[in-house]
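Notes follow the structure.
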Amino acid sequence: MSQLELIPTATPAPDSASVERPRPGSRADRMRKPLARDALKQLAEQHGVCVRPLALRRTDTATGVTEVVEVPCGATLAAKCKPCAERGRRLRIQQIREGWHLADEPAVRPDKPGEDVLALARVRAHLEFEREAVQYQPMTPDERVAHLAEIDAAIAELDEALAETSLRGHLTPKDRDERPRRKRSTRRRQDSPDLPRLPVDPRTVGRAYSGKTGKTHRPSMLVTLTLGSHGPVHSHLRRGPYIAPCECGQRHGPHDDVLGTPVDPTTYDYRRAALDAIHFARVLDRWWQNVRRAAGWNVQYAGAVELQRRLAPHAHFAIRGTLPRRLLKQIAAATYHQVWWPSFNEPVYSVDKPPVWDVDQQAYVDPKTRAPPPTWGEALDALEEPDSRPAYVARLGRIDARGIEQGTRDAERSIRYVTKYVTKDLTDQAKPRSDAQKAHFDRLHAELSVLPCSPTCANWLLYGVQPDGVKAGLTPGGCTGKVHQRSTLGFTGRRVLVSRQWSGKTLADHRADNRSWVRAILAGGMADTEEHDQAAADEADGSTRYRFELARPEDPDVPPLEHRLLRAISARIRWRADLDTARQRTAGAVSATAAPLSPAVR
Ligand SMILES: [Zn+2]
Ligand SMILES: [Zn+2]
Ligand SMILES: [Zn+2]
-2 MSQLELIPTA TPAPDSASVE RPRPGSRADR MRKPLARDAL KQLAEQHGVC VRPLALRRTD
58 TATGVTEVVE VPCGATLAAK CKPCAERGRR LRIQQIREGW HLADEPAVRP DKPGEDVLAL
118 ARVRAHLEFE REAVQYQPMT PDERVAHLAE IDAAIAELDE ALAETSLRGH LTPKDRDERP
178 RRKRSTRRRQ DSPDLPRLPV DPRTVGRAYS GKTGKTHRPS MLVTLTLGSH GPVHSHLRRG
238 PYIAPCECGQ RHGPHDDVLG TPVDPTTYDY RRAALDAIHF ARVLDRWWQN VRRAAGWNVQ
298 YAGAVELQRR LAPHAHFAIR GTLPRRLLKQ IAAATYHQVW WPSFNEPVYS VDKPPVWDVD
358 QQAYVDPKTR APPPTWGEAL DALEEPDSRP AYVARLGRID ARGIEQGTRD AERSIRYVTK
418 YVTKDLTDQA KPRSDAQKAH FDRLHAELSV LPCSPTCANW LLYGVQPDGV KAGLTPGGCT
478 GKVHQRSTLG FTGRRVLVSR QWSGKTLADH RADNRSWVRA ILAGGMADTE EHDQAAADEA
538 DGSTRYRFEL ARPEDPDVPP LEHRLLRAIS ARIRWRADLD TARQRTAGAV SATAAPLSPA
598 VR
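Per the working numbering, residue -2 is the first one in the sequence shown, and the count goes up by one each step.
Printed below as a string of structure tokens:
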């Protein structure tokens, strides 16, 4: 595809002697022509039209009329749909901008649940009681299974009904945990680092200061959280106009092939690098808990996780308000996450000769002795011993903090910086470009493939423990968990982290804001040519007039994707022209509000 794009076909090369052109009409000539499919996709991307829109069937419950409407796919990764991912990124930018220097507390006061919701929840409570009662009522095991299945079906139906109400979130966790609750000793929960500990004030807004000229300053911060060193890596070190020597003694340019790779691969701690990546999300959680406790107010943040060149995840956050830098450093030094898993320091078995499944014992057994290693439960029980230690402790390494002033270019630049890579896969921005970088990537990935990703990971067999929920067919080294994949390199947490009271709005709210602004300009005229906008807005209103379901591609009233794309592109071009005209007409009136909002609708 990319090669075809490079070849101009509309205008023949002026100097045809220098380029060997295939005979017109030959197969080679046909193969050079641009693909219609690519042209359509490129056009859609140019005009910001979703390249794989979903067709939804909308049924008007008042009139019974059904109609096919389109909604953008809403992908967050550019690899899936560039226009949608870009739109998502611009909304993120808008969200961060709006929340960063808020002067008033964002209003997030949910409504009281209505009687309809409470009635459903009441029935749900009875079902839960019945489900528990089945365990104790006298009946045969088969009867019990049948009874449970019945109740679970009823619960599933009720949960669906609840999902259609205005209720936000879920009453119960998604998956039912059938195992008996394990009592953890309180010693485990200590986890409290040596930090000042203040009661957390509900305030989320930073302090304002009055300047000499009477202007109010509302300073805030940009922080970068980085994992500790796993061994020295080749680095480009700039000291003003000079390049300082790297650990290896050489001076590396900014595009040197060895950048980010270990100075000494044999001593680089790949195990810790892998484990830190796996548990980084939890470390971040702890960090924010610690920050709030030590600061004594409900500190709000918005940021994103990225991969450093050495392939370690790190995070940039905008923080509302300021904290003393010394305190931040102290908190970073004291932040850690303990992994209370069975020990997995030394492998007991290799990937080539792992324990084998024994049907009679319903357990994995040593291939020679046929003795089963301890079960997950037994291994956890052993952790209750007074002298047991966590299997791993992940720590935060360094923090860099900068003060940012509201409304400055610095603030705007920081927002772009934080959101720069959110439409890319985590590993996309750290793609290895040289053999050295590729070797480093592969070595880290190899380490990740034999570490346990979760209690149910097949890799536990390598460390002589039966995984939780053990079953036949587990392949150590072949666990399909996300942690082990090349696209994550261990980090499977959320890429974008925005605290609940950042702007008091969700991304969907910001999207709706933009839409109402566009509607206001167009005064209702053309805004509705974008049917999917209307459909989504109706949904956002919580209006129950329409019911939505996915339309099937083979339905007679669903045109082929290509036709739908062409129409959407045309609609977008006309709509944009109308918007431009309207904008010019109302330029004076709107200019005050247009500035902060326009990037998201462009
Ligand atoms: Zn899309
Ligand atoms: Zn070096
Ligand atoms: Zn796994």
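Cβ atoms here follow ideal geometry from the backbone N, Cα and C, with glycine treated the same way.
None of these values were measured; they are calculated from a predicted model.
Under 8 Å between C-beta atoms of residue 228 and residue 282: Between residue 228 and residue 282, the CB-CB gap reaches or exceeds 8 Å.
Exposed unless 16 or more other CB atoms sit within 10 angstroms - verdict on residue 358: By the 10 Å Cβ count, residue 358 comes out exposed.
Any non-hydrogen atom of ligand 3 closer than 7 Å to residue 411 Cβ: For ligand 3, not one heavy atom lies less than 7 Å from the Cβ of residue 411.
Sequence ranges, alpha helix (DSSP H) only - wholly within the stretch 411 to 465, length at least 4: Counting only runs of 4 or more, we get 432 to 447.
Separation of residue 482 from residue 442, as counted between CA atoms: Cα-Cα distance, rounded: 8 Å.
Residue 233: first and last residue of the uninterrupted alpha helix (DSSP H) it sits in: Run containing residue 233: none; DSSP gives neither H nor E here.
Nearest-residue set for ligand 3, Cβ under 7 Å from any heavy atom: Listed along the chain, these residues meet the criterion: 449, 450, 451, 454, 455, 456, 476, 478, 480 and 481.
8 Å contact criterion, which residue 544 and residue 56 should meet: CB distance rounded: Sure, about 5 Å apart at Cβ, within 8 Å.
Bounding residues of the alpha helix (DSSP H) (the contiguous stretch that carries residue 580): Start and end: 558 to 582.
Neighbour-count burial assignment, residue 530, 16 or more Cβ in a 10 Å radius: Its pLDDT being 46, under 50, residue 530 is placed unreliably in this model, and the coordinates cannot settle the point.
For residue 341, the first and last residue of its enclosing alpha helix (DSSP H): It is not in any alpha helix (DSSP H) - residue 341 carries neither H nor E in the DSSP assignment.
Any heavy atom of ligand 1 nearer than 7 Å to the CB - residues listed: Those residues placing their Cβ nearer than 7 Å to any heavy atom of ligand 1 are, following chain order, 47, 48, 49, 50, 69, 70, 71, 72, 78, 80 and 81.
Any non-hydrogen atom of ligand 2 closer than 7 Å to residue 227 Cβ: Remark: the shortest separation between the CB of residue 227 and any heavy atom of ligand 2 does not fall under 7 Å.
Where residue 518 falls, given that 16 or more other Cβ within 10 Å makes a residue buried: Confidence at residue 518 is low in this model, with a pLDDT of 49, below 50, so the placement of that residue is unreliable and no value is reported for it.
Proximity winner among 275, 345 and 290, relative to residue 488 (alpha-carbon distances): It is 275 whose Cα lies nearest to the Cα of residue 488.
Residues passing the C-beta test against ligand 2 heavy atoms, cut-off 7 Å: A Cβ closer than 7 Å to some heavy atom of ligand 2 marks a residue here, and those residues are 231, 232, 243, 244, 245, 247, 249, 255 and 260.
Pair within 8 Å by beta-carbon distance, residue 301 and residue 416: The Cβ atoms of residue 301 and residue 416 lie closer than 8 Å to each other.
Distance between residue 146 and residue 159 (C-alpha atoms, nearest Å): Going by the C-alpha atoms only, they are around 20 Å apart.
Stretch pair the stretch 392 to 402 + the stretch 42 to 49: three plus CB contacts closer than 8 Å: In short, these stretches do not touch, since the Cβ pair count stays below three.
Three or more C-beta pairs below 8 Å linking the stretch 401 to 418 and the stretch 310 to 319: Counting Cβ pairs under 8 Å, three or more are found: they touch.
DSSP-derived helix/strand/coil call for residue 254: Reduced to three states, the DSSP call for residue 254 is coil.
In chain order, each alpha helix (DSSP H) run of at least 4 residues that lies wholly inside the stretch 79 to 140: Those alpha helix (DSSP H) runs which fall completely within the stretch 79 to 140 and span 4+ residues are 79 to 97 and 112 to 131.
Cβ-Cβ distance between residue 317 and residue 297 below 8 Å: For residue 317 and residue 297, yes; Cβs fall inside 8 Å.
Classification of residue 262 by the beta-carbon crowding that lies within 10 angstroms, buried from 16 upward: Residue 262 counts as exposed, since fewer than 16 other C-beta atoms from the protein chains shown sit within 10 angstroms of its C-beta.
For residue 77 and residue 579, the rounded distance between their alpha carbons: Here the C-alpha atom of residue 579 lies approximately 33 Å from the C-alpha atom of residue 77.
Touching by the beta-carbon criterion (3+ pairs, under 8 Å), the stretch 493 to 502 and the stretch 352 to 370: The answer is no - the stretch 352 to 370 does not touch the stretch 493 to 502, with fewer than three Cβ pairs under 8 Å.
C-beta contact flag for residue 289 and residue 332 at 8 Å: Result no, Cβ atoms of residue 289 and residue 332 do not sit closer than 8 Å.
Burial state of residue 342 (16 or more Cβ within 10 Å): Result: exposed.
Run of the beta strand (DSSP E) containing residue 168, from where it starts to where it stops: The continuous stretches of beta strand (DSSP E) do not include residue 168, and DSSP gives it neither H nor E.
Identity of the residues DSSP links to residue 400 by a beta bridge: DSSP lists 218 as partners of residue 400.
Alpha carbon of residue 581 to alpha carbon of residue 572, nearest angstrom: Their backbone Cα atoms lie some 14 Å apart in a straight line.
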